[in-house]
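Working notes, beginning with the structure itself.
Residue numbers (our numbering): 128 to 678.
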């Protein structure tokens, strides 16, 4: 079905492209010593704040389809909202509902897991991020599934715990291990054999994305499936010892470990078992799902003996590719995203980022769809990221991204360009303040390069963010003061924030006479309607209202 855009009355077509530049993780912070966006030298963003039409947008909670306004935004839901131009209930909300009303346990997939284990006499495994960050998972979903498995008579369950330290406090793994072990202890007192079987940091094993580091997935596979890794008698002992061996290590970087009993791993994944990946966010669930679901043609690494199991995802992470084949909850159905409208209007588009956020300006931006809407009109460019810790390369690839965009601007290649500069988010998660400050400054430098070229070619820049991160690098108390840790220093924060994000409109030709509309409470989903207006079209009637008025 072709999607039609109506011309905007008295619209003035810009000489150059309309460019959406998303500064990932660059929110509007408290302005105190925790705020590396405020601390950074950002002459171009400062100029825009003084001279260009600008506003603030909501980028968390219900404004991006999360269950509650206490929930952080993230890059997945942020790009969904920006690209869709509307707010859809996200995976976290859909899973919450399905778990709370127990409808997930009435579905055929859950029943198949129970039957598989009962028929084989095997184990049910739960693999995923042990966290209440509500970005990739929530621990209460795991708690509910363990209790349901016990209620349905499954005697043996194993948890393969990926440690967070990224969407939650950077050194907090013991808290989540203790919480889930308390639940399992109660079930074990009632005759079950439930325990943690393996684990490790989310950035060291299992949770790679965008094919950036398959050895991560290989380490996770060997750990979870084959029981290969440093052996401990408990997860708590593993965490304590791994920290002692590598002082200063964050939870996300802890090496893999395996729990043993009587000298043998307690939780190898074997023929007849069922495996539930309880992550609801798709980007870091795709590769391990492919590893379980792929047939004999899998060529990423040697999987060894592949067990005959029923593998299930919390959601289907890519409906078009059918990954995974089996899933518990139907994912959000996002229709008619901005990119599809623009393609159907016959306009050319460029989507570009580096590896870590490439899928966000393509897959997530397009409503969780792989591929293009029009191969002739769309160009997707992935700048290969460096496989090093982001605090060691805080400038990342923003210069190379900008080089490609400047070439497009100079040669009039595209009508609409969307960019993700990952720096503020990816470096923000490291907790290294100096590196985070540099990451914001590198992003600002790139924005300045775009502004300079926009003057020449008549491009219009829309500069914004998908959520906050670099804007609040210390935890805060409820009164707004900075929280002090046990060691007397500010408590580090590596997670996203609840802060609003900026949006700046830079129109060097000035023909659009852009004004910020008198509308309160807008979120980043309203960026799409604004882009349509700048391209000379009315926004679709069901899109969230535009941030601006033109002409």
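Glycine included, each C-beta is placed from N, C-alpha and C at the ideal position.
According to the DSSP assignment, residue 224 belongs to the alpha helix (DSSP H) that extends over 218-227. Taking a C-beta distance under 9 angstroms as the contact criterion, residue 589 and residue 528 do not qualify as a contact pair. Taking 9 angstroms as the cut-off, the Cβ atoms of residue 167 and residue 158 do not count as close.
Between the alpha carbons of residue 393 and residue 514 lies a gap of roughly 33 angstroms. Membership of residue 550 in the alpha helix (DSSP H) is indicated by the continuous run 550-553. The DSSP assignment places 251-257 and 283-290 as complete runs of the beta strand (DSSP E) inside the segment 225-304, in order along the chain (cut-off: 3 residues).
Judged by their CB atoms, residue 266 and residue 303 are nearer to each other than the 9 angstroms cut-off. Ranking 298, 419 and 352 by CA distance to the CA of residue 373 puts 298 first.
Taking C-beta atoms under 8 angstroms as the contact rule, residue 627 and residue 192 fail to qualify, at a distance of about 17 angstroms. Three or more beta-carbon pairs separated by less than 8 angstroms are not found between the segment 230-239 and the segment 166-186, which leaves the two stretches without contact.
The beta-carbon distance between residue 618 and residue 601, rounded to whole angstroms, is 6 angstroms. This is short enough to meet the 8 angstroms contact definition. Segment contact: the segment 437-452 against the segment 473-483, fewer than three CB-CB distances shorter than 8 angstroms; contact not assigned. Residue burial is scored here from C-beta neighbours: residue 432 has fewer than 16 other C-beta atoms within 10 angstroms and is therefore classed as exposed.
About 11 angstroms separates the CB atoms of residue 202 and residue 556; that is not less than 8 angstroms, and the two are not in contact. The C-alpha of residue 605 lies about 20 angstroms from the C-alpha of residue 261. Between the alpha carbons of residue 465 and residue 677 lies a gap of roughly 19 angstroms. Annotation: the segment 314-362 contains the following complete segments of the beta strand (DSSP E) (minimum length 3 residues), in chain order: 320-328 and 357-359. Annotation: residue 387 is outside any alpha helix (DSSP H); the continuous beta strand (DSSP E) that includes it extends over 384-388.
A Cβ-Cβ separation of about 6 angstroms places residue 649 in contact with residue 674 under the 8 angstroms criterion. DSSP, reduced to helix, strand and coil, places residue 576 within a helical segment of the structure shown. Straight-line measurement puts the Cα of residue 175 at about 34 angstroms from the Cα of residue 339. Where residue 441 is concerned, the enclosing beta strand (DSSP E) starts and stops at 437-442. Annotation: the continuous beta strand (DSSP E) that includes residue 505 extends over 505-510.
The beta carbon of residue 318 is closer than 8 angstroms to those of 282 in its chain, skipping five residues each way along the sequence. Going by DSSP, residue 665 is part of no beta strand (DSSP E) at all; its letter is neither H nor E. At least 9 angstroms separates the beta-carbon of residue 307 from that of residue 352.
Only buried fits residue 144, as 16 or more other CB atoms lie within 10 angstroms of its CB. In this structure, the straight-line span from the alpha carbon of residue 548 to that of residue 389 is close to 50 angstroms. In the three-state reduction of the DSSP assignment, residue 642 falls in the strand class, which pools E and B. A direct Cα-to-Cα measurement between residue 276 and residue 305 gives close to 20 angstroms. When C-beta atoms of the segment 406-417 are compared with those of the segment 329-345, three or more pairs fall below 8 angstroms, so the two segments count as touching. Taking residue 204 as the centre and dropping the five residues before and after it, the same chain places the C-beta of 191, 192, 193 and 217 closer than 7 angstroms to its C-beta, in chain order.
DSSP places residue 368 within a helical segment (H, G or I) once states are collapsed to three.
Cβ atoms of residue 592 and residue 151 come within 8 angstroms of each other, at about 7 angstroms. Between residue 623 and the set 296, 213, 131 and 141, the nearest pair of CA atoms involves 296. Closest option to residue 137, judged by alpha-carbon separation, among 324, 668 and 664: 664.
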